[in-house]
Amino acid sequence: MPQKRPTSRVVRRIDPAALAEFQAGIRKRYSNDQILDQLRACAERLGRSPTMREFEDDSETTVHPQTVIQHFGSWNAAKRKAGLVPRRFAKPSDLIRLLRELGEELGRPPTAKDLDEHRASMPSKSLYWHTFGSLKNALREAGFDVPVGEERLERAIEQGMALAHKLERLPKFADWAEARRADTDLLSEWQVYRMLESGTASAGRRRQAGAWATFQYLVRERLLEDGVEVSAEGGLSRRPRSPQGGGGKQRPRQARARRGGGSPRKPGRA
15 MPQKRPTSRV VRRIDPAALA EFQAGIRKRY SNDQILDQLR ACAERLGRSP
65 TMREFEDDSE TTVHPQTVIQ HFGSWNAAKR KAGLVPRRFA KPSDLIRLLR
115 ELGEELGRPP TAKDLDEHRA SMPSKSLYWH TFGSLKNALR EAGFDVPVGE
165 ERLERAIEQG MALAHKLERL PKFADWAEAR RADTDLLSEW QVYRMLESGT
215 ASAGRRRQAG AWATFQYLVR ERLLEDGVEV SAEGGLSRRP RSPQGGGGKQ
265 RPRQARARRG GGSPRKPGRA
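Position in the sequence shown counted from 1, then plus 14, gives you our numbering.
The following block contains the structure:
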């Protein structure tokens, strides 16, 4: 077995030019985009912007922190490029300012998807969640109108009515998912579902169907009040009005009565 040479002699015999060429080849194994993707993925797992030690200790990263620095000049420069605000700059006021600026650019409240699409210039959504508890809380802090409770449900019903008119039937869960892909101003199908899931069947598809059927019922009742016929299968048609104008009003009163709004009583009835 050959004798092991002393480390100092081995190091002294390294050709500096050959070493530099080798190191350059190592750096080329990772593109800038690949490194930034690993930084963002590490931040998602941690729920915050990682330190060099946290990045190195992450078992799912394959890039050494020193490689990151060689590519971008500094650790914080790399994190800024990845859309991760360096910790010493990540004050809540900075995060709110960036959120407002993005909202002004978009002309609406930013979504989590918007943060992903603008991650080259925006902090990660995980940093907002870690700092404010949720993106919704951060949006409120930034002054955006974020509907809650009854207001949120009312918006969902109005959006459901608009989609029903477009489809000429009550929207199904899959219809809503498809519509939202084309219009991100819609609440997501799961946001609507979760507002109504309590009190429905407790498992699997029955639970989903129960919550969505409740939403369809609310949309149907509102359509009836607006003078729209809704068949048992969910199809829509406008009811013709009587010459006196009363025929188009009778069903809406009945619909409101079913919702607890009261119904006309005959004289002498208790």
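Beta carbons: idealized from backbone N, C-alpha and C, even for Gly. Being a predicted model, the structure only gives us computed values, none of them experimental.
- Since R67 is in the beta strand (DSSP E), which residue starts that stretch and which ends it? Looking up residue 67 in the sequence shown gives position 53. No beta strand (DSSP E) holds R67; the alpha helix (DSSP H) holding it covers 66-71.
- Name the DSSP bridge partner or partners of L194? Here residue 194 corresponds to residue number 180 of the sequence shown, with the count starting at 1. Here the sequence assigns Arg to residue 194, which means Leu is not the residue at that position. None; R194 has no bridge partner.
- Query: Should S140 go down as buried or exposed, given a rule of 16 or more other Cβ atoms within 10 Å for buried?
  - Reply: Looking up residue 140 in the sequence shown gives position 126. Label assigned to S140: buried.
- When the distance is taken between beta carbons, is P106 closer than 8 angstroms to T145? For this step, residue 145 is matched to residue 131 along the sequence shown. For this step, residue 106 is matched to residue 92 along the sequence shown. Note that the C-beta distance between T145 and P106 is below 8 angstroms.
- Message: At 4 residues or longer, what runs of the alpha helix (DSSP H) sit wholly inside the region 74-135?
- Response: Entirely contained in the region 74-135, the alpha helix (DSSP H) runs reaching 4 residues are, in chain order, 79-86, 89-95, 106-120, 126-131.
- Query: Does the region 168-177 come close enough to the region 230-243 that 3 or more CB-CB pairs lie under 8 angstroms?
  - Reply: Because the criterion of three Cβ pairs below 8 angstroms is met, the region 230-243 and the region 168-177 touch.
- Item | Pairwise C-alpha distance: V233 and P137 | Counting from one through the sequence shown, the residue named residue 137 turns up at place 123. Counting from one through the sequence shown, the residue named residue 233 turns up at place 219. Distance between the alpha carbons of P137 and V233 is about 38 angstroms.
- Task: Indicate whether L237 and A225 have their beta-carbon atoms separated by less than 8 angstroms.
- Result: On the sequence shown, position 223 is the one that residue 237 refers to. On the sequence shown, position 211 is the one that residue 225 refers to. For L237 and A225, no; Cβs fall outside 8 angstroms.
- May I ask which residues mark the beginning and end of the alpha helix (DSSP H) holding L141? Here the question's residue 141 lines up with position 127 in the sequence shown. Counting along the chain, the alpha helix (DSSP H) containing L141 begins and ends at 139-146.
- Item | Short Cβ contact (8 angstroms threshold) for L184 with A152 | Here residue 184 refers to the residue found at position 170 of the sequence shown. Here residue 152 refers to the residue found at position 138 of the sequence shown. Contact flag unset, no.
- Specify the secondary structure class of G224 as computed by DSSP and reduced to three states. For the purposes of this step, residue 224 is identified with residue 210 of the sequence shown, where counting begins at 1. Correct three-state label for G224: helix.
- Residues near A170 by beta carbon distance below 6 angstroms, same chain, minus five either side: Numbered from its first residue, the sequence shown carries residue 170 at position 156. Counting only Cβ-Cβ distances below 6 angstroms, and skipping sequence neighbours, we find L201, V206.
- DSSP three-state call for E243: helix, strand or coil? On the sequence shown, residue 243 is found 229 positions in, with the first residue counted as 1. DSSP, read as helix, strand or coil, puts E243 in strand.
- Message: For the pair the region 80-99 and the region 116-125, tell me if three or more CB-CB distances fall below 8 angstroms.
- Response: The region 80-99 vs the region 116-125: no contact.
- Is it buried or exposed for I28, if we count other Cβ within 10 angstroms and need 16 for buried? On the sequence shown, residue 28 is found 14 positions in, with the first residue counted as 1. Within 10 angstroms of the beta-carbon of I28 lie fewer than 16 other beta-carbons, which makes it exposed.
- Tell me which same chain residues have a C-beta within less than 6 angstroms of the C-beta of L98, skipping the five on either side of it? Along the sequence shown, read from residue 1 onward, the residue named residue 98 stands at position 84. Closer than 6 angstroms at Cβ, skipping near neighbours: A57, S63, S138.
- V160 beta carbon less than 8 angstroms from that of P123: As a first step, residue 123 must be located in the sequence shown, where it is residue number 109. As a first step, residue 160 must be located in the sequence shown, where it is residue number 146. In contact: P123 and V160 (Cβ atoms closer than 8 angstroms).
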